[in-house]
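Q: Numbering (my numbering), first residue to last: 526 to 695.
Mind having a look at this structure? Questions to follow.
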């Protein structure tokens, strides 16, 4: 055995960065192979049970746009010949988290109006992942117009009494 004819066994490790993402965030997977023969061409392949993995070197990218929330495994394979000692596999896990819903609060100014007058509805909304926000409004009487953080309620045609305005954000 140790006459120099037996090449050392290839070892392969890989890691995903970042290991936890939201759908659509990119992940880079890096494989580190030890004991490769510098005289041979190393061939790298990648597979994953979540997202779309692409790469033909020791670095691959995972597109998570279509991945449902969950934990997935990416597997790497390196080979430089047909013998078992000249190939190795590695795996790394990554997690796709569900988007967290936005929050909203709103207020009316003024909060009391004479018949036919209007009030400005101001919303304050927050997305934990800094995603774009879409606003919508409804009212139990009168009419409301606006699709930004501000809307206008007109009480024209409304009977005297409370009007409830509902503020929504997506």
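C-beta atoms are modelled at their ideal positions from N, C-alpha and C, and glycine is treated no differently.
Computed from a predicted structure; not experimentally measured.
What did DSSP end up calling residue 549 once you bin it into helix, strand or coil?
A: Note: residue 549 maps to coil in three-state DSSP.
Q: Judging by CA-CA distance, which residue of 562, 556 and 561 is the nearest neighbour of residue 570?
A: Checked all of 562, 556 and 561; the closest Cα to residue 570 is 556.
Q: Using a Cβ-Cβ cutoff of less than 6 Å, which residues in the same chain neighbour residue 583 once the five nearest sequence positions on both sides are dropped?
A: Hits under 6 Å: 556 and 569.
Q: At the level of alpha carbons, what is the spacing between residue 545 and residue 602?
A: Cα to Cα, the separation comes out at about 22 Å.
Q: Taking C-beta to C-beta, are residue 650 and residue 626 nearer than 7 Å?
A: In this structure, residue 626 does not lie closer than 7 Å to residue 650 by Cβ.
Q: Helix, strand or coil for residue 610? Go by DSSP, reduced to three states.
A: The answer is helix: DSSP assigns residue 610 an H, G or I state.
Q: Give me the Cα-Cα distance between residue 686 and residue 637, rounded to the nearest whole angstrom.
A: Straight-line Cα distance between these residues: approximately 10 Å.
Q: Is the Cβ-Cβ distance between residue 598 and residue 618 less than 7 Å?
A: In this structure, residue 618 lies closer than 7 Å to residue 598 by Cβ.
Q: Considering Cα atoms alone, identify which of 589, 565, 539 and 668 is closest to residue 576.
A: Answer by Cα proximity: 589.
Q: Using three-state DSSP, classify residue 555 as helix, strand or coil.
A: Three-state result, residue 555: strand.
Q: Three-state secondary structure (DSSP) at residue 695?
A: Looking at residue 695 - three-state DSSP - the assignment turns out to be coil, as it is neither helix nor strand.
Q: Would a C-beta distance cut-off of 7 Å place residue 585 and residue 535 closer than the cut-off?
A: No, these two residues do not count as a Cβ contact at 7 Å.
Q: Start and end of the beta strand (DSSP E) containing residue 668?
A: Unbroken beta strand (DSSP E) run through residue 668: 668-670.
Q: Which term fits residue 695, buried or exposed, when burial requires 16 or more other beta carbons within 10 angstroms of its beta carbon?
A: The residue is exposed, with fewer than 16 neighbouring Cβ atoms inside 10 Å.
Q: For residue 604, which of 624, 573, 647 and 558 has the nearest alpha-carbon?
A: Comparing Cα positions, the closest option is 558.
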